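Worksheet: one structure, shown below.
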Amino acid sequence: MAYSPKVIDHFQNPRNVGSLPKDDPHVGTGLVGAPECGDVMKLQIRINPATGVIDEVKFKTFGCGSAIASSSLVTEWLKGRTLDQALAISNSDIAEELELPPVKIHCSVLAEDAIKAAIADYQKKRETKAGVAAVR
Amino acid sequence: MKLPIYMDHHATTPVDPRVLEAMLPYFTQEFGNAASRNHAFGWAAEKAVEQARQQVADLVGATAKEIVFTSCATEANNLALKGVAAMYAEKGNHIVTCVTEHKAVLDPCHQLEKQGFRVTYLPVEHDGLIDPGELRAAITPKTILISIMTANNEIGVIQPVAEVGAIAKEHGILFHTDAVQAIGKVPFDVDDVKADLVSLSGHKFYGPKGVGALYVRRRNPRVLLAEQISGGGHERGMRSGTLNVPGIVGLGKAAELCRLEMAEEGPRLRRLRDRLSEKLHQGLDGIYVNGSLEHRLPHNLNVSFAYVEGESLLMGINDVAVSSGSACTSASLEPSYVLKALGAGDDLAHSSIRFGLGRWTTEEEVDYVAEKVTAVVRRLREMSPLYELMKEGVNL
Numbered sequence: 001m002a003y004s005p006k007v008i009d010h011f012q013n014p015r016n017v018g019s020l021p022k023d024d025p026h027v028g029t030g031l032v033g034a035p036e037c038g039d040v041m042k043l044q045i046r047i048n049p050a051t052g053v054i055d056e057v058k059f060k061t062f063g064c065g066s067a068i069a070s071s072s073l074v075t076e077w078l079k080g081r082t083l084d085q086a087l088a089i090s091n092s093d094i095a096e097e098l099e100l101p102p103v104k105i106h107c108s109v110l111a112e113d114a115i116k117a118a119i120a121d122y123q124k125k126r127e128t129k130a131g132v133a134a135v136r
Numbered sequence: 137m138k139l140p141i142y143m144d145h146h147a148t149t150p151v152d153p154r155v156l157e158a159m160l161p162y163f164t165q166e167f168g169n170a171a172s173r174n175h176a177f178g179w180a181a182e183k184a185v186e187q188a189r190q191q192v193a194d195l196v197g198a199t200a201k202e203i204v205f206t207s208c209a210t211e212a213n214n215l216a217l218k219g220v221a222a223m224y225a226e227k228g229n230h231i232v233t234c235v236t237e238h239k240a241v242l243d244p245c246h247q248l249e250k251q252g253f254r255v256t257y258l259p260v261e262h263d264g265l266i267d268p269g270e271l272r273a274a275i276t277p278k279t280i281l282i283s284i285m286t287a288n289n290e291i292g293v294i295q296p297v298a299e300v301g302a303i304a305k306e307h308g309i310l311f312h313t314d315a316v317q318a319i320g321k322v323p324f325d326v327d328d329v330k331a332d333l334v335s336l337s338g339h340k341f342y343g344p345k346g347v348g349a350l351y352v353r354r355r356n357p358r359v360l361l362a363e364q365i366s367g368g369g370h371e372r373g374m375r376s377g378t379l380n381v382p383g384i385v386g387l388g389k390a391a392e393l394c395r396l397e398m399a400e401e402g403p404r405l406r407r408l409r410d411r412l413s414e415k416l417h418q419g420l421d422g423i424y425v426n427g428s429l430e431h432r433l434p435h436n437l438n439v440s441f442a443y444v445e446g447e448s449l450l451m452g453i454n455d456v457a458v459s460s461g462s463a464c465t466s467a468s469l470e471p472s473y474v475l476k477a478l479g480a481g482d483d484l485a486h487s488s489i490r491f492g493l494g495r496w497t498t499e500e501e502v503d504y505v506a507e508k509v510t511a512v513v514r515r516l517r518e519m520s521p522l523y524e525l526m527k528e529g530v531n532l
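Top to bottom, those sequences are chains V and B.
Taking our numbering, the leading residue of the first sequence gets 1, the next gets one more, and so forth.
Taking our numbering, the leading residue of the second sequence gets 137, the next gets one more, and so forth.
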């Protein structure tokens with residue numbers, strides 16, 4: 001596969017690899033993809049409760065070079081964004097930035113799904129917490 | 137040691153310099169058409185072709201007249217399958233083959249199915265080998281051909297072809313074997329295997345690309361084929377077209393070198409292959425050799441590195457040329473159908489790497505590749521969510 005220099009850079013020097021504590025109430029975790037499909041992404045965001053801004057992002061990805069690059073790229077983009085701004089990131093932005101070949105577009109779709117899943121997980125935690133508070 | 141390292145000898149091999157040397161005069165000085173019967177240019181070309189025919193025959197225990205030159209093994213497979221199907225259609229319409237065959241066998245079989253032939257695709261066991269009992273059970277009075285490869289191009293396993301040949305004989309059915317990966321690497325004799333048709337290719341054993349051959353048995357039984365390329369009746373009417381004289385000379389020379397050097401080359405490659413396997417196993421957990429190690433080509437190693445995707449591994453070891461069964465390395469975006477057929481699961485197919493050692497592979501190269509692969513697998517596992525989940529005890 002002939003990849004763009006940006007994909008190769010993200011693959012060789014992935015940004016923000018690692019994990020955040022998934023039980024932290026301010027952390028949202030998105031785990032998307034399936035091993036049998038050859039792509040699994042775990043994306044974690046931490047939201048600063050005071051500002052509502054994403055202040056920490058980590059990822060781990062099982063997948064091809066463009067899957068790793070797509071997830072590495074979105075970790076860079078997510079930092080400093082509000083959740084609404086994060087949701088505005090689309091797969092075509094990712095594909096365009098990394099100059100992904102057509103057969104690799106699904107990697108950028110997966111990265112977008114991972115963002116949405118992480119935010120959904122965070123919001124679910126908030127709702128559960130709010131629910132618990134209301135019962136009390 | 138020179139980088140990048142080539143360790144993909146199942147895909148193709150470099151031309152041996154001795155082969156190239158033998159070929160060169162046939163481009164410029166001895167350029168004649170082997171079918172030109174009336175002058176010295178043609179005679180010289182024909183003589184060279186007949187010598188090559190003998191050299192190829194000697195490698196597989198055949199007689200020269202049983203060798204039909206083709207442009208490649210894909211053509212040889214097509215000629216064998218379609219040629220038999222058309223010639224023996226009155227006798228029956230059933231063919232038995234195997235799910236892990238090369239596409240050059242499977243695709244012609246699919247075409248024949250569209251024409252009304254029935255094809256049974258035998259499954260393989262976890263070790264990649266067919267069960268001869270299943271073959272017996274698949275045979276019907278309408279079966280005209282059994283096509284089972286000698287060695288698999290991905291996992292290098294060697295099928296029990298002698299047993300298959302014996303079963304075919306017992307039932308009076310023709311037996312074709314795609315022996316592209318085995319010939320020149322391990323001893324192969326058409327009589328030991330009781331093969332009626334055998335496909336081979338020059339560029340898989342240090343000959344040039346663009347030339348292959350089909351062995352077509354002439355006695356017990358005499359196999360008849362319907363030609364698939366017509367136009368002049370070359371190659372005893374089985375394959376028309378001006379002969380690729382330099383290519384054929386190269387194929388012949390390559391066959392001769394393999395015949396003379398196989399006894400030394402095979403064990404050397406086996407030692408290197410085993411060394412590679414041992415080093416990988418020493419450095420890493422969660423690695424699986426795909427296919428039987430016992431019934432296997434000496435220069436093949438196919439390994440799945442769990443929790444790591446194959447294409448990313450190839451990217452990480454970019455100064456080593458190998459192949460992967462990962463979907464991301466295929467045009468179809470499907471993982472290797474061969475590995476899937478072993479029942480290992482798609483995830484392990486995505487994680488597989490095929491190493492193919494060759495005539496000039498050195499111990500130093502093997503050690504370099506083992507170290508590099510080990511380091512890159514470790515790095516990729518550190519960033520693999522599956523590896524993390526496994527470490528946390530989550531059942532994937």
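All C-beta atoms, glycine included, are put in the ideal place defined by N, C-alpha and C.
In this text, all values refer to a predicted model and were calculated from it rather than measured experimentally.
>> Please report the straight-line C-alpha distance between residue 215 of chain B and residue 208 of chain B, rounded to a whole angstrom.
In response: In the second sequence, residue 215 of chain B corresponds to position 79, counting from 1. In the second sequence, residue 208 of chain B corresponds to position 72, counting from 1. The straight-line gap from Cα to Cα measures roughly 11 Å.
>> So with CB distances below 9 Å, who are the chain V contacts of residue 534 of chain B?
In response: What the structure shows of chain B is the stretch from 137 to 532, and residue 534 of chain B is not part of that stretch, so it cannot be assessed.
>> According to DSSP, residue 44 of chain V sits in a beta bridge with which residue or residues?
In response: Looking up residue 44 of chain V in the first sequence gives position 44. In the DSSP output, where bridge partners are listed per residue, residue 44 of chain V has V:29, V:58.
>> Distance cutoff 7 Å, beta carbons only. Does residue 49 of chain V sit that close to anything in chain B?
In response: Indexing the first sequence from 1 puts residue 49 of chain V at position 49. No, no contact with chain B.
> For the candidate residues B:176, B:140, B:333, whose alpha-carbon lies nearest to that of residue 359 of chain B?
Replying inline: If you number the second sequence from 1, residue 359 of chain B lands on position 223. Among B:176, B:140, B:333, the Cα nearest to that of residue 359 of chain B belongs to B:333.
>> Can you list, in chain order, the residues of its chain with a C-beta nearer than 8 Å to that of residue 75 of chain V? Leave out the 5 residues immediately preceding and following it.
In response: Locating residue 75 of chain V in the first sequence gives position 75, where the first residue counts as 1. Same-chain partners within the cutoff: 15, 16, 43, 57, 58, 59.
>> Let me make sure I understand the geometry here. Which of B:173, B:181, B:171 has the alpha-carbon closest to that of residue 163 of chain B?
In response: Reading the second sequence from its first residue, position 27 is the one you call residue 163 of chain B. Put simply, of B:173, B:181, B:171 the residue whose alpha carbon is nearest the alpha carbon of residue 163 of chain B is B:181.
>> Looking at chain V, is there any beta carbon in it that lies within less than 7 Å of the beta carbon of residue 263 of chain B?
In response: The residue given as residue 263 of chain B occupies position 127 in the second sequence. Among the CB atoms of chain V, none fall inside 7 Å of the CB of residue 263 of chain B.
> Quick one: is residue 106 of chain V buried, meaning 16 or more other Cβ sit within 10 Å of its Cβ, or exposed?
Replying inline: Along the first sequence, one-based indexing puts residue 106 of chain V at 106. Buried, since its Cβ has 16 or more Cβ neighbours within 10 Å.
> Per DSSP, what kind of secondary structure is residue 257 of chain B in: helix, strand or coil?
Replying inline: Within the second sequence, the letter at position 121 stands for residue 257 of chain B. Strand at residue 257 of chain B.
>> Using CA atoms only, rank isn't needed, just tell me which of B:500, B:169, B:282, B:516 is closest to residue 380 of chain B.
In response: Against the second sequence, residue 380 of chain B aligns to sequence position 244. When each option's Cα is compared against that of residue 380 of chain B, the closest is B:169.
> Short check: CB of residue 348 of chain B to CB of residue 337 of chain B, under 7 Å?
Replying inline: Locating residue 348 of chain B in the second sequence gives position 212, counting from the first residue. Locating residue 337 of chain B in the second sequence gives position 201, counting from the first residue. Going by C-beta atoms, residue 348 of chain B is nearer than 7 Å to residue 337 of chain B.
>> Strictly below 9 Å CB to CB, what residues from chain V border residue 469 of chain B?
In response: Position 333 of the second sequence, counted from the first residue, corresponds to residue 469 of chain B. Result: 38, 103, 106.
> Going straight from the alpha carbon of residue 459 of chain B to that of residue 253 of chain B, what length do you get?
Replying inline: As a working note, residue 459 of chain B is residue 323 in the second sequence. As a working note, residue 253 of chain B is residue 117 in the second sequence. The alpha-carbon atoms of residue 459 of chain B and residue 253 of chain B are separated by roughly 34 Å.
> Whose Cβ in chain B lies nearer than 9 Å to the Cβ of residue 14 of chain V?
Replying inline: By 1-based counting over the first sequence, the position of residue 14 of chain V is 14. Result: 519.
> Along chain V, in chain order, which residues have C-beta atoms closer than 9 Å to that of residue 462 of chain B?
Replying inline: One-based indexing of the second sequence puts residue 462 of chain B at position 326. Neighbours of residue 462 of chain B on chain V, chain order: 38, 64.
> Contact between the stretch 112 to 121 of chain V and the stretch 80 to 89 of chain V: three or more CB pairs below 8 Å?
Replying inline: yes
> Candidates B:499, B:310, B:470: which alpha carbon is nearest residue 217 of chain B's?
Replying inline: The residue you call residue 217 of chain B lines up with position 81 of the second sequence. Nearest of B:499, B:310, B:470 to residue 217 of chain B, Cα basis: B:310.
> If you draw a straight line from the C-alpha of residue 331 of chain B to the C-alpha of residue 244 of chain B, how long is it?
Replying inline: By 1-based counting over the second sequence, the position of residue 331 of chain B is 195. By 1-based counting over the second sequence, the position of residue 244 of chain B is 108. If you take the alpha carbons of residue 331 of chain B and residue 244 of chain B, they lie about 19 Å apart.
> Between the C-alpha atoms of residue 26 of chain V and residue 36 of chain V, what's the straight-line distance to the nearest angstrom?
Replying inline: One-based indexing of the first sequence puts residue 26 of chain V at position 26. One-based indexing of the first sequence puts residue 36 of chain V at position 36. For residue 26 of chain V and residue 36 of chain V, the distance between alpha carbons rounds to 31 Å.
> Who pairs with residue 11 of chain V in a beta bridge, going by DSSP?
Replying inline: For the purposes of this step, residue 11 of chain V is identified with residue 11 of the first sequence, where counting begins at 1. Looking at the DSSP assignment, residue 11 of chain V forms no beta bridge with any residue, so it has no partner.
>> Let me confirm a value: residue 12 of chain V is counted as buried when at least 16 other C-beta atoms fall within 10 Å, else exposed. Which label applies?
In response: On the first sequence, position 12 is the one that residue 12 of chain V refers to. So residue 12 of chain V ends up on the exposed side.
>> In the DSSP assignment, the beta strand (DSSP E) including residue 341 of chain B goes from what residue to what residue?
In response: Looking up residue 341 of chain B in the second sequence gives position 205. No beta strand (DSSP E) holds residue 341 of chain B; DSSP gives it neither H nor E.
> So, using beta-carbon positions, are residue 314 of chain B and residue 197 of chain B closer together than 7 Å?
Replying inline: Taking the first residue of the second sequence as position 1, residue 314 of chain B is located at position 178. Taking the first residue of the second sequence as position 1, residue 197 of chain B is located at position 61. No, Cβ-Cβ distance for residue 314 of chain B and residue 197 of chain B is not below 7 Å.
>> Contact criterion: CB-CB distance below 7 Å. Does residue 482 of chain B meet it with respect to chain V?
In response: Along the second sequence, one-based indexing puts residue 482 of chain B at 346. It does: the Cβ of residue 482 of chain B has a partner Cβ on chain V nearer than 7 Å.
>> Looking at chain B, is there any beta carbon in it that lies within less than 7 Å of the beta carbon of residue 5 of chain V?
In response: Position 5 of the first sequence holds residue 5 of chain V. Residue 5 of chain V does not count as touching chain B.
>> With distance defined between alpha-carbon atoms, name the residue in B:291, B:193, B:204, B:499 nearest to residue 394 of chain B.
In response: Here residue 394 of chain B is taken as the residue at index 258 of the second sequence, counted from 1. Among B:291, B:193, B:204, B:499, the Cα nearest to that of residue 394 of chain B is on B:193.
> Given a threshold of 16 other Cβ atoms within 10 Å of its Cβ, counted over all protein chains shown, does residue 159 of chain B qualify as buried or as exposed?
Replying inline: Along the second sequence, one-based indexing puts residue 159 of chain B at 23. Looking at its Cβ environment, which holds 16 or more other Cβ atoms inside 10 Å, residue 159 of chain B is buried.
> Do residue 258 of chain B and residue 220 of chain B come within 7 Å of each other at the CB atom, strictly closer than that value?
Replying inline: As a first step, residue 220 of chain B is located in the second sequence; it is residue number 84 there, counting from the start. As a first step, residue 258 of chain B is located in the second sequence; it is residue number 122 there, counting from the start. Not in contact: residue 220 of chain B and residue 258 of chain B (Cβ atoms no closer than 7 Å).
> Using a beta-carbon distance cut-off of less than 9 Å, what residues from the stretch 415 to 436 of chain B approach chain V?
Replying inline: Going along the stretch 415 to 436 of chain B in chain order, one finds no residue with a Cβ nearer than 9 Å to chain V.
>> For a test of the three-state rule: what should DSSP assign to residue 370 of chain B, helix, strand or coil?
In response: Indexing the second sequence from 1 puts residue 370 of chain B at position 234. Reduced to three states, the DSSP call for residue 370 of chain B is coil.
> Using DSSP with H/G/I as helix, E/B as strand and the rest coil, what is residue 16 of chain V?
Replying inline: Here residue 16 of chain V refers to the residue found at position 16 of the first sequence. Coil, per DSSP.
> Any contact of the stretch 403 to 413 of chain B with the stretch 496 to 516 of chain B, i.e. 3+ C-beta pairs under 8 Å?
Replying inline: A contact exists between the stretch 403 to 413 of chain B and the stretch 496 to 516 of chain B.
> Where are the alpha helix (DSSP H) runs, 4 residues long or more, that stay fully inside the stretch 160 to 195 of chain B, in chain order?
Replying inline: none
>> Looking only at its chain, what residues have a beta carbon closer than 7 Å to the beta carbon of residue 109 of chain V, apart from the 5 residues adjacent to it on each side?
In response: Start at 1 with the first residue of the first sequence, and residue 109 of chain V comes out as number 109. 91, listed in sequence order.
> How many angstroms separate the CA atom of residue 353 of chain B from the CA atom of residue 235 of chain B?
Replying inline: Mapped onto the second sequence, residue 353 of chain B falls at position 217. Mapped onto the second sequence, residue 235 of chain B falls at position 99. Per the coordinates, the alpha-carbon of residue 353 of chain B lies some 25 Å from the alpha-carbon of residue 235 of chain B.
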